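Structure, as structure tokens:
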Amino acid sequence: MSIQVIHNVRVAAIADASDFALTDDAVVVIEQQNIAWVGPIHQLPDTYQHAERFDGGGGVLTPGLIDCHTHLVWAGSRANEFSMRLHGASYEEIAAAGGGILSTVKATRAASEDELFDLALVRAKALIDQGVTEIEIKSGYGLELETELKQLRVARRLGETLPLKVHTTFLAAHALPIEYKDDADGYIDYVCERMLPAALKEGLVDAVDVFCERIGFSRAQTEKVFMTAKSFNLPVKLHAEQLSDQDGAKLVADYQGLSADHLEYLSDAGIAAMAKAGTVAVLLPGAFYFLRETKYPPITQLREAGVPIAIATDANPGSSPIHQAQLMLHMACTLFRLTPEEALAGMTVNAAKALGSQTSGQIKAGMQANLALWDIHQPAELCYQFGVNPLQARWFQGRFSRPNK
Ligand code: NIG
Ligand code: FE
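So in my numbering, spot 35 of the sequence shown is number 40, and the numbers just go up one at a time.
Given below as structure tokens:
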């Protein structure tokens, strides 16, 4: 049996934001793909005393980072819209004029599966080299069957090719395609009756998401998609309260949703419903920053209500063209005033919760051996600086690799 013993590390086990369980001079034992034992070196069981050792050089060992909200598979560029915004147009105005998501849809439809794969591969590798071991990838730039399937196949292929666990999310209800202009209900019927069953049949769907917004879909349309997802036993999540309060967070919580994401315009009723259902609040500081949002998600109230908070890149061409996990940790602290402990829990244990994963996001016996070793002395350094990558090594399901820097 293959056993690896990582020693001379400070282990940040990260059970939750208030319990970091930082252990000095610690050892983590990996057996095959899983963590078999964690503790201080003087307690290492005899059976592991003579196993192959890896010297962590006194660095900090954390769970591999988890990016629980991305739109990684897309083609084209929205740099022109970036310029338009700098000339005064708003994100919503650009979308209403047929740009925004629809311009990425056009480019993504035109790209071949291999082209999309190559584009997404570069982005996924950038995240891997920053200590990410698990991500979620959404569809939503096809808005018709073949392209939605193409995006999801690429997402699956990334997970098969790279040392990265990929969770796929079906987000065909992301925007209204031109073919259904003025017939949003008709499009939702197409999503529920044709697209979702077809994607599911190919084994391409781990969860279902909707963009519930003025420029997306109404609460009633969102609920229809959720009911269909539930009929297939699929978990749901929601782009909720990003640009306005649509009461989406309460809706997704009522469907025992895994997460409600964005949440700048979240209401007290939404918070209460999320707390009751255990729905994770996924905050996306990259989108907040890039869209120059001024309204903050209600962090204090989320904290007080005990809602688990996760942090993700939202990597996408329109609202967060950012493939930097460590920058998100930094921004969660500087923009949203999360503590470093909360930010790190947001990209580990709580991100795992947001993906429904019971076997990742923490360092403890029985978890998958997804680990990141950092050349730092305290976990807060991961949030404090960015631009110098302190990642020394990573393990994905027990497999060791070093980052390309
Ligand atoms: O999470 N809000 C909707 N979806 C993305 C933006 C997609 C885009 O602009 O291409 C988001 O912000
Ligand atoms: Fe998003």
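Think of the CB as a built atom: it goes at the ideal place given N, C-alpha and C, for glycine as much as any other residue.
Computed from a predicted structure; not experimentally measured.
Where does residue i land, buried or exposed, given buried means 16+ other C-beta within 10 angstroms?
| i | result |
| --- | --- |
| Ser324 | buried |
| Thr353 | buried |
| His5 | With the chain covering only 6 through 410, there is no way to say anything about residue 5. |
| Met333 | buried |
| Gly208 | exposed |
| Met279 | buried |
| Lys410 | exposed |
| Met200 | buried |
| Thr2 | The requested residue 2 does not occur in the structure, where the chain is confined to residues 6 to 410. |
| Asp266 | buried |
| Ile276 | buried |
| Met232 | exposed |
| Asn85 | exposed |
| Thr113 | buried |
| Asp72 | buried |
| Gln37 | exposed |
| Lys300 | exposed |
| Glu269 | buried |
| Gln373 | buried |
| Glu165 | exposed |
| Ser365 | buried |
Taking residue i as part of the beta strand (DSSP E), name the residues at either end of that continuous run.
| i | result |
| --- | --- |
| Pro45 | Asn39 to Pro45 |
| Phe5 | Within the shown structure, residues of the chain are numbered from 6 to 410, placing residue 5 beyond reach of any answer. |
| Glu57 | Glu57 to Asp60 |
| Phe405 | Arg404 to Ser406 |
| Leu378 | Leu376 to Trp379 |
Report back the beta-carbon spacing between residue i and residue j to the nearest angstrom; my notes put them in contact at under 8 Å.
| i | j | result |
| --- | --- | --- |
| Ala254 | Leu239 | With a Cβ gap of about 19 Å, Ala254 and Leu239 do not count as contacting. |
| Gly136 | Arg399 | 6 Å |
| Leu289 | Leu66 | 27 Å between Cβ atoms; not a contact. |
| Thr138 | Leu167 | With a Cβ gap of about 10 Å, Thr138 and Leu167 do not count as contacting. |
| Ile368 | Ile8 | Contact doesn't hold; Cβ gap of about 17 Å is too wide. |
| Lys143 | Leu176 | 4 Å |
| Cys338 | Ala348 | 5 Å |
| Ala315 | Val285 | 5 Å |
| Pro220 | Ala320 | According to the sequence displayed, residue 220 carries Ile and not Pro. Wrong, their Cβ atoms sit about 20 Å apart, outside the cutoff. |
| Phe341 | Ile304 | 6 Å |
| Val287 | Ala359 | 5 Å |
| Leu378 | Gln397 | 5 Å |
So if DSSP puts residue i in a beta bridge, which residue, or which two residues, is it bridged to?
| i | result |
| --- | --- |
| Ala286 | Ala265 and Ile314 |
| Val171 | Ile140 |
| Phe222 | Cys217 |
| Ile35 | Gln9 and Ile40 |
| Lys242 | Ser264 |
| Val393 | DSSP, once it has assigned bridges, lists no residue as partnering Val393. |
| Asp420 | Residue 420 lies beyond the residue range present for the chain, which begins at 6 and ends at 410; the question has no answer from this structure. |
| Thr75 | Answer by DSSP bridge pairing: none, since Thr75 is not bridged. |
Would you mind reading off the limits of the alpha helix (DSSP H) that contains residue i?
| i | result |
| --- | --- |
| Thr152 | Leu150 to Thr166 |
| Ile106 | Ile106 to Ala115 |
| Ile71 | Premise fails: Ile71 lies in the beta strand (DSSP E), Leu70 to Asp72, not in any alpha helix (DSSP H). |
| Arg199 | Per DSSP, Arg199 belongs to no alpha helix (DSSP H) and is neither H nor E. |
| Arg90 | Ala84 to Leu91 |
| Tyr53 | Where Tyr53 is concerned, there is no enclosing alpha helix (DSSP H), given that its DSSP letter is neither H nor E. |
| Pro345 | Pro345 to Gly351 |
| His335 | Ala330 to Thr339 |
| Ile133 | Glu118 to Ile133 |
| Leu256 | Gly253 to Asp259 |
| His101 | Reading the sequence as shown, one finds Ala at residue 101 and not His. Tyr96 to Ala101 is the extent of the alpha helix (DSSP H) around Ala101. |
| Ala356 | Val354 to Ala359 |
| Ile193 | Ala189 to Tyr195 |
Could you compute how far the alpha carbon of residue i sits from the alpha carbon of residue j?
| i | j | result |
| --- | --- | --- |
| Ile193 | His179 | 10 Å |
| Met336 | Cys388 | 8 Å |
| Ala234 | Val10 | 43 Å |
| Glu228 | Gln54 | 56 Å |
| Ile35 | Gly361 | 23 Å |
| Leu394 | Met89 | Checking the sequence, you will find Asn at residue 394 rather than Leu. Looking at the two C-alpha atoms, the distance is approximately 33 Å. |
| Leu163 | Asp21 | 29 Å |
| Pro45 | Leu27 | 10 Å |
| Phe391 | Asp187 | 45 Å |
| His172 | Arg128 | 16 Å |
| Ala356 | Glu141 | 10 Å |
| Gln261 | Gln247 | 20 Å |
| Leu419 | Gly147 | Outside the shown range of the chain (6 to 410) lies residue 419, about which nothing can therefore be said. |
| Trp79 | Ala225 | 28 Å |
| Asp30 | Ser23 | 21 Å |
| Tyr195 | Val110 | 17 Å |
| Ile327 | Thr318 | 7 Å |
| Gly145 | Ala94 | 24 Å |
| Glu98 | Gly104 | 9 Å |
| His47 | Arg297 | 51 Å |
| Glu57 | Val312 | 41 Å |
| Ala17 | Ala385 | 11 Å |
Say whether chain D places a C-beta atom closer than 8 Å to the C-beta of residue i.
| i | result |
| --- | --- |
| Gly136 | No chain D is present in this structure, which holds just one protein chain. |
Please enumerate, following chain order, all residues with a beta carbon closer than 6 Å to at least one heavy atom belonging to ligand 3.
Annotation note on ligand 3: not contained in the displayed structure, which lists ligand 1 and ligand 2 as its ligands.
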